[in-house]
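S.K.: In the UniProt record's numbering, the protein residues as written are 1 to 341. A virtual CB, placed ideally from N, CA and C, is assigned to each residue, including glycine. Since we're looking at a predicted model, the values are computed, not measured.
Next up, the structure:
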């Protein structure tokens, strides 16, 4: 049979009220008594009833997590950070993945109906905000967006993600310091997400150097995108870029293939810098210099922020926007500009 507070009280020779206080209820007992009660409870194998504890506090001790953590290595690591922080706080994540079968709005309804204390989500580019998030906000359920920032500033949605602009500027600085004057950006999509901000950050930093130029080509998104078509166009320009920044690592595959077909060596004739530090970065030959993101930290900070909002219970406080700066992982694909450039 489960160990009860009464059992602990009898063993510790204290009242049930004292045991309840030791387990976290309001009230005062001495530190010595609290430690003795908790030690006895642990020795007896007591497991607290978190459902009852949650009801007493008006919480379910659950958090809805809406994201496809199986999509790629980045999302998996993002979820690891979320899961570990929630578990440390005795919260259980209820995970739903975006699906063609169940629309996002229905999934948010499902989480709200289960009375989750808050929602963490990483929406797809297609998930428009107003309709979806008002459902939660109208019910005073805090929401934190992870990795993909809300479009509408009017929404009180906290955000934790990568400093995409700052990371892209680090890439530009490294290439400019290597004396590259003709630079290129290969990106994808038009939705104002990380790709957009990375391109913007890189272009603006290059524009600050009057002797440097930058050309950008965007390749339409598809699941197997590799940047090859954009790279072929870019490498036939005159003057030809001596350095290319790709806003996601997988675009570097096509750049490498195009360079090989045109007889260009990396990094002798062409330097390449990526963004994300996905597994492909170290599989390419030469290994790709890239911006190393910190998905576990992003996920962990997002979970911590949501737990803070749940504790405060005030959704009218000022919106938080937390950006985690990536590190430049210098490998073998970046070198000095060719002497004749």
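For residue 335, which of 273, 285 and 148 has the nearest alpha-carbon?
M.R.: The option with the nearest alpha carbon to residue 335 is 273.
S.K.: Hey, how far is the Cα of residue 322 from the Cα of residue 12?
M.R.: Residue 322 and residue 12: Cα-Cα distance of roughly 47 Å.
S.K.: Would you list the one or two residues that DSSP bridges to residue 118?
M.R.: Paired residues: 63.
S.K.: Is the separation between the beta-carbon of residue 241 and that of residue 183 shorter than 8 Å?
M.R.: Yes. Within cutoff.
S.K.: Three Cβ pairs or more, each shorter than 8 Å: is that satisfied between the segment 33-43 and the segment 86-103?
M.R.: Output reads no: the segment 86-103 does not touch the segment 33-43.
S.K.: Could you say which of 299, 181, 255 and 294 lies nearest to residue 344 if we only look at CA atoms?
M.R.: In the structure as shown, the chain starts at 1 and stops at 341, and residue 344 therefore has no counterpart that could be examined.
S.K.: Does DSSP put residue 282 in a helix, in a strand, or in coil?
M.R.: Residue 282: helix per DSSP, three-state reduction.
S.K.: Can you tell me whether residue 93 is helix, strand or coil according to DSSP?
M.R.: Looking at residue 93 - three-state DSSP - the assignment turns out to be strand.
S.K.: Can you tell me which of 320, 212, 256 and 217 puts its alpha carbon nearest to the alpha carbon of residue 177?
M.R.: Closest option to residue 177, Cα to Cα, is 212.
S.K.: Tell me which same chain residues have a C-beta within less than 8 Å of the C-beta of residue 280, skipping the five on either side of it?
M.R.: Excluding positions up to five away in sequence, the list reads 249, 250, 252, 253 and 288.
S.K.: Residue 189 and residue 164 - do their beta-carbons sit closer together than 8 Å?
M.R.: No; because the gap between Cβ atoms is not below 8 Å, this pair is not in contact.
S.K.: Whether or not the segment 63-79 and the segment 104-123 are in contact is what I'm after, with contact meaning three or more pairs of Cβ atoms, one per stretch, closer than 8 Å; do they touch?
M.R.: A contact exists between the segment 104-123 and the segment 63-79.
S.K.: According to DSSP, is residue 321 helix, strand or coil?
M.R.: Note: residue 321 maps to strand in three-state DSSP.
S.K.: Taking DSSP's pairing of strands, which residues face residue 108 in a bridge?
M.R.: The partner list for residue 108 (beta bridge, DSSP) is empty, contrary to what the question assumes.
S.K.: Would you check if the distance between the CB atom of residue 304 and the CB atom of residue 175 is smaller than 8 Å?
M.R.: Taking 8 Å as the Cβ cut-off, residue 304 and residue 175 do not qualify as a contacting pair.
S.K.: Quick one: using the 10 Å Cβ neighbour count with 16 as the cut-off for buried, is residue 67 buried or exposed?
M.R.: Answer is buried; the Cβ neighbour count reaches 16.
S.K.: Grab the span of the alpha helix (DSSP H) containing residue 200 for me, first residue to last.
M.R.: Looking at the DSSP string, the run of the alpha helix (DSSP H) that includes residue 200 is 194-207.
S.K.: Expressed to the nearest angstrom, what Euclidean distance is found between the alpha-carbon atoms of residue 60 and residue 4?
M.R.: Near 21 Å, if we compare the C-alpha coordinates of residue 4 and residue 60.
S.K.: Could you give the DSSP three-state label for residue 161: helix, strand or coil?
M.R.: It is a strand residue.
S.K.: CB-CB under 7 Å to residue 160, same chain, minus the five flanking residues each way: which ones, in chain order?
M.R.: 144, 146, 298, 301, 302, 305 and 322, listed in sequence order.
S.K.: So the candidates are 6, 32 and 31; which of them puts its Cα closest to the Cα of residue 20?
M.R.: Looking at the Cα atoms, 6 is the closest of the given residues.
S.K.: Please state if the CB of residue 234 and the CB of residue 266 are separated by a distance shorter than 8 Å.
M.R.: In this structure, residue 234 does not lie closer than 8 Å to residue 266 by Cβ.
S.K.: Is residue 271 helix, strand or coil when you go by DSSP?
M.R.: Of the three classes helix, strand and coil, the one that applies to residue 271 here is strand, per DSSP.
S.K.: Please list, in chain order, all residues of the same chain as residue 333 whose beta carbon is under 6 Å from its beta carbon, the five residues on each side excluded.
M.R.: Contacts found: 266, 267, 272, 286, 288 and 289.
S.K.: What does DSSP give as the partner residues of residue 182 in its beta bridges?
M.R.: 213.
S.K.: Answer with buried or exposed for residue 141, where buried requires no fewer than 16 other C-beta atoms within 10 angstroms of its C-beta.
M.R.: Answer is buried; the Cβ neighbour count reaches 16.
S.K.: What three-state label does DSSP hand residue 243 in the structure shown?
M.R.: Of the three classes helix, strand and coil, the one that applies to residue 243 here is strand, per DSSP.
S.K.: Just the Cα atoms here: how many angstroms apart are residue 105 and residue 98?
M.R.: Looking at the two C-alpha atoms, the distance is approximately 10 Å.
S.K.: By alpha-carbon positions, which one of 16, 2, 337 and 8 ends up nearest to residue 179?
M.R.: Ranking the options by Cα distance to residue 179, first place goes to 337.
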